[in-house]
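Asker:
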Amino acid sequence: MDFKVADLSLAGFGRAEIDLAEHEMPGLMAMRERFAAVKPLAGARIAGSLHMTVQTAVLIETLTALGAEVRWASCNIFSTQDHAAAAVVVGPDGTPDQPSGVPVFAWKGETLAEYWWCTEQILTWPTDGPASGPTVSSVGPASGPTVSSVGPASGPN
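Each residue of the sequence shown is one higher than the last, beginning at 0 in numbering that gives the first Met the number 0.
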């Protein structure tokens, strides 16, 4: 799995924080409970660019529990919680030595060049399967490059 975060050894602390956040996000947890068995997002590839926080980690892990394949970057170079990013990469069943979670490209204090590199990484999928589907983006950081590379959607005016 490809990823770039500050320090995978922060994953244990991040996992504890995610577990706490799950109790504060009953809507997402109810969706997991209700739909995880049927995987309604199976086959979906979601590129996400929102603040990489423990709350966003709950969203990311909900999307994967519902069957989506997800790649993630932060929409802000200062808001990333490095422990949350590490925990998402490691995943609930992985270890820092054998991560089994979601590819995340985010760390606090990215340079502008690093920020755009991270955004490019979430839009770069393995060659097997379709290109990215839905893009979850805060104020468009991942949407702009997508439109630039594939052009605007055609449809009725």
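Built from N, CA and C at the ideal position, the CB exists for glycine as well.
Contact between the segment 75-83 and the segment 3-22 is defined here as three or more beta-carbon pairs at a separation below 8 Å; is this criterion met?
Answerer: Yes: at least three Cβ pairs fall under 8 Å.
Asker: Quick one, which of W124, G26 and R31 has its alpha-carbon nearest E60's?
Answerer: Position 61 of the sequence shown holds residue 60. Out of W124, G26 and R31, R31 has the C-alpha closest to the C-alpha of E60.
Asker: Could you work out which residue in P98, C74 and S99 is closest to G108 when comparing CA atoms only?
Answerer: For the purposes of this step, residue 108 is taken as the residue at position 109 of the sequence shown. When each option's Cα is compared against that of G108, the closest is C74.
Asker: Report yes if the CB atom of N105 is closer than 8 Å to the CB atom of W71, and no otherwise.
Answerer: For the purposes of this step, residue 105 is identified with residue 106 of the sequence shown, where counting begins at 1. For the purposes of this step, residue 71 is identified with residue 72 of the sequence shown, where counting begins at 1. Asn is not the amino acid found at residue 105; the sequence shown has Ala there. Yes.
Asker: Identify, in the order they occur along the chain, each residue of the same chain with its Cβ nearer than 8 Å to the Cβ of V88, setting aside the five sequence neighbours on each side.
Answerer: As a working mapping, residue 88 is identified with position 89 in the sequence shown. Within the same chain, V88 has close Cβ partners M0, F2, V4, L7, A10, P98, G100, V101, P102 and V103.
Asker: Please go through the same chain and pick out, in chain order, the residues whose beta-carbon is closer than 6 Å to the beta-carbon of T55, but skip the five residues on each side of it.
Answerer: Taking the first residue of the sequence shown as 1, we reach residue 55 at position 56. Within the same chain, T55 has close Cβ partners L49.
Asker: Please report the straight-line C-alpha distance between L40 and E119, rounded to a whole angstrom.
Answerer: The sequence position of residue 40 within the sequence shown is 41, counting from 1. The sequence position of residue 119 within the sequence shown is 120, counting from 1. Whole-angstrom Cα-Cα distance: 23 Å.
Asker: Looking at the strands, I want to know which residues DSSP matches up with V161.
Answerer: Nothing about residue 161 can be reported from this structure: the residues present for the chain run from 0 to 156 only.
Asker: Rounded to whole angstroms, how far is the Cβ of F34 from the Cβ of L65, which I believe are closer than 8 Å?
Answerer: One-based indexing of the sequence shown puts residue 34 at position 35. One-based indexing of the sequence shown puts residue 65 at position 66. Indeed, because the Cβ distance is near 5 Å, the residues count as touching under 8 Å.
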